[in-house]
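*Asks:*
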Amino acid sequence: MSEEKQVKKIKGKEREDKFKKAGKLTRPIKESLPEIVTPGKTLLEVAEWLESKIREKGAEPAFPPNICVGNIAAHYTPEEGKQKVPEDEIIKIDFGANIDGFSSDTAVSFYFGEEQQKKQLINVAKEALERGLTQIEDGTNLAKFGETVESYVEEQGFNVVENLTGHLIERYKLHGDKDIPVTSGAERVKAETGEVYGVEVFVTDGQGFARSSEEVRIYSLASDLPERIRLRLKDARKVLYFLRQNRHELPFTPRWLYPELGRDTTKIGVSLLKRRGVLVSYPVLREQEEVTVAQAECTILVTEEGVDILT
1490 MSEEKQVKKI
1500 KGKEREDKFK
1510 KAGKLTRPIK
1520 ESLPEIVTPG
1530 KTLLEVAEWL
1540 ESKIREKGAE
1550 PAFPPNICVG
1560 NIAAHYTPEE
1570 GKQKVPEDEI
1580 IKIDFGANID
1590 GFSSDTAVSF
1600 YFGEEQQKKQ
1610 LINVAKEALE
1620 RGLTQIEDGT
1630 NLAKFGETVE
1640 SYVEEQGFNV
1650 VENLTGHLIE
1660 RYKLHGDKDI
1670 PVTSGAERVK
1680 AETGEVYGVE
1690 VFVTDGQGFA
1700 RSSEEVRIYS
1710 LASDLPERIR
1720 LRLKDARKVL
1730 YFLRQNRHEL
1740 PFTPRWLYPE
1750 LGRDTTKIGV
1760 SLLKRRGVLV
1770 SYPVLREQEE
1780 VTVAQAECTI
1790 LVTEEGVDIL
1800 T
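Number 1761 in my numbering belongs to position 272 of the sequence shown; there are no gaps in the numbering.
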């Protein structure tokens, strides 16, 4: 018998309704974030609050909440309760909900200081996203989004982070095989009615490129794994079984496995699965030092007339 939890196929209106439900679920959580994201609160407290609110509503996190400060652009999720929400830097909160493998993905940026440029970065990211969304409907070229976004951001004196793009969302796959570029001159790919995208814009006062660091806090199962994988170590088998039952190809952080498997078993199992190529690693992505990054994101459903914003 396969270790993989059997997945019922869901299509048509039922599929669309699942995506809409996952998006709707995140809205009140996003609206409540200003009450939670306050200077002095630990990043872990914010992450655990997000996770608990999603689970209270009968869903699961689509991915570990990305809580990124300053020049850290993406893929940072807290493991311990030491780092705190700063007063003098932009903090980005990126999260989503998963219902039967159908995910939402949304992000908002906060800043509690007085520096006008950082306030402007956040406003420019939000406005760029809104302007870009007007370019998407059935049959339109997704490159128009990037052209619109890049032009506006550069007019404001900033840069887009060119290698962080919007992405098609498919069942149990947060990043599908289509991207929504944030720069001009991108490959021309058309949007189609019924597609769901996480549409995001990262704006920076830096060079506009996020580089991988050596730090990794988020993983996922690799795609197209064989049904049976020979693993001698029991710890690795336990981790693989847990992930196949609970996450499929959706991202996870080792912290989530500690209550079920224990810290030692999890760390040993993750390490071995990573070496065997069973896991995909998502390194923390950073802009250059001494700069900052703002982010805005929503999930959309493409329609014949435009887009339905789900989050």
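All residues carry an ideal CB built from backbone N, CA and C; glycine is no exception.
Is T1682 buried or exposed, if buried means 16 or more other CB atoms sit within 10 Å of its CB?
*Replies:* On the sequence shown, residue 1682 is found 193 positions in, with the first residue counted as 1. With fewer than 16 other Cβ atoms within 10 Å, it is exposed.
*Asks:* Taking a contact to mean a Cβ-Cβ separation below 8 Å, would you say T1755 touches D1694 in this structure?
*Replies:* Mapped onto the sequence shown, residue 1755 falls at position 266. Mapped onto the sequence shown, residue 1694 falls at position 205. Going by C-beta atoms, T1755 is not nearer than 8 Å to D1694.
*Asks:* Quick one, are the C-beta atoms of V1688 and I1669 less than 8 Å apart?
*Replies:* Here residue 1688 refers to the residue found at position 199 of the sequence shown. Here residue 1669 refers to the residue found at position 180 of the sequence shown. It is a contact, given that the beta carbons lie within the stated cut-off.
*Asks:* Secondary structure at G1695, three-state DSSP: helix, strand or coil?
*Replies:* Mapped onto the sequence shown, residue 1695 falls at position 206. Here G1695 sits in coil by DSSP.
*Asks:* Check the DSSP bridge columns for V1791 and list the partner residues they point to.
*Replies:* The count along the sequence shown starts at 1 and reaches residue 1791 at position 302. In the DSSP output, where bridge partners are listed per residue, V1791 has V1796.
*Asks:* How many angstroms separate the CA atom of K1507 from the CA atom of E1779?
*Replies:* Along the sequence shown, one-based indexing puts residue 1507 at 18. Along the sequence shown, one-based indexing puts residue 1779 at 290. Spanning the two alpha carbons is a distance of roughly 42 Å.
*Asks:* Quickly, what does DSSP pair F1601 with across the bridge? List them, please.
*Replies:* Within the sequence shown, residue 1601 is the residue found at index 112, counting from 1. Paired residues: none, contrary to the question.
*Asks:* Rounded to a whole number of angstroms, what is the C-alpha to C-alpha distance between S1491 and E1716?
*Replies:* For this step, residue 1491 is matched to residue 2 along the sequence shown. For this step, residue 1716 is matched to residue 227 along the sequence shown. Because S1491 carries a pLDDT of 45, less than 50, the predicted location of this residue cannot be relied on, and no value is offered for it.
*Asks:* Taking the alpha-carbon of G1655 as reference, which of N1648, F1647, H1664 has the nearest alpha-carbon?
*Replies:* The residue you call residue 1655 lines up with position 166 of the sequence shown. For the residues N1648, F1647, H1664, the minimum Cα distance to G1655 belongs to H1664.
*Asks:* I'd like to know if the segment 1726–1738 and the segment 1518–1527 are in contact, where contact means that at least 3 CB-CB pairs between them fall below 8 Å.
*Replies:* Segments in contact, no.
*Asks:* Classify Q1784 as buried or exposed, calling it buried when 16 or more other Cβ atoms lie within 10 Å of its own Cβ.
*Replies:* Looking up residue 1784 in the sequence shown gives position 295. Q1784 should be labelled buried.
*Asks:* Use the C-beta contact count for T1623: other C-beta atoms within 10 angstroms, 16 or more gives buried, fewer gives exposed.
*Replies:* By one-based count along the sequence shown, residue 1623 stands at place 134. By the neighbour-count rule (16 or more Cβ atoms within 10 Å), T1623 is not buried but exposed.
*Asks:* Where does E1776 land, buried or exposed, given buried means 16+ other C-beta within 10 angstroms?
*Replies:* Here residue 1776 corresponds to residue number 287 of the sequence shown, with the count starting at 1. When all chains shown are included, E1776 counts as buried.
*Asks:* Is K1607 buried or exposed, if buried means 16 or more other CB atoms sit within 10 Å of its CB?
*Replies:* Your numbering for residue 1607 matches position 118 in the sequence shown. It counts as buried.
*Asks:* CA-CA distance, K1727 and A1586?
*Replies:* The sequence position of residue 1727 within the sequence shown is 238, counting from 1. The sequence position of residue 1586 within the sequence shown is 97, counting from 1. Whole-angstrom Cα-Cα distance: 25 Å.
*Asks:* According to DSSP, is T1637 part of a helix, a strand, or is it coil?
*Replies:* Position 148 of the sequence shown, counted from the first residue, corresponds to residue 1637. Three-state result, T1637: helix.
*Asks:* By how many angstroms is the C-alpha of G1635 removed from the C-alpha of D1713?
*Replies:* By one-based count along the sequence shown, residue 1713 stands at place 224. By one-based count along the sequence shown, residue 1635 stands at place 146. Taking the straight line joining both Cα atoms gives about 31 Å.
*Asks:* On the three-state DSSP scale, how would you describe N1587?
*Replies:* On the sequence shown, position 98 is the one that residue 1587 refers to. Strand, per DSSP.
*Asks:* Could you pull out every unbroken beta strand (DSSP E) segment of at least 3 residues lying fully inside the segment 1670–1721, listed in chain order?
*Replies:* Fully enclosed beta strand (DSSP E) runs of 3 or longer: 1685–1693, 1700–1710.
*Asks:* Could you give the distance in angstroms between the alpha-carbon of R1764 and the alpha-carbon of E1703?
*Replies:* As a first step, residue 1764 must be located in the sequence shown, where it is residue number 275. As a first step, residue 1703 must be located in the sequence shown, where it is residue number 214. Computed Cα separation, rounded: 15 Å.
*Asks:* Quick one: Cα of W1538 to Cα of K1615, how far?
*Replies:* As a first step, residue 1538 must be located in the sequence shown, where it is residue number 49. As a first step, residue 1615 must be located in the sequence shown, where it is residue number 126. Using only the alpha carbons, I get a separation of about 24 Å.
*Asks:* Considering only C-alpha positions, which residue in the set A1536, R1544, A1563, K1679 is nearest to K1571?
*Replies:* To locate residue 1571, count along the sequence shown from 1; it is residue 82. Among A1536, R1544, A1563, K1679, the Cα nearest to that of K1571 is on A1536.
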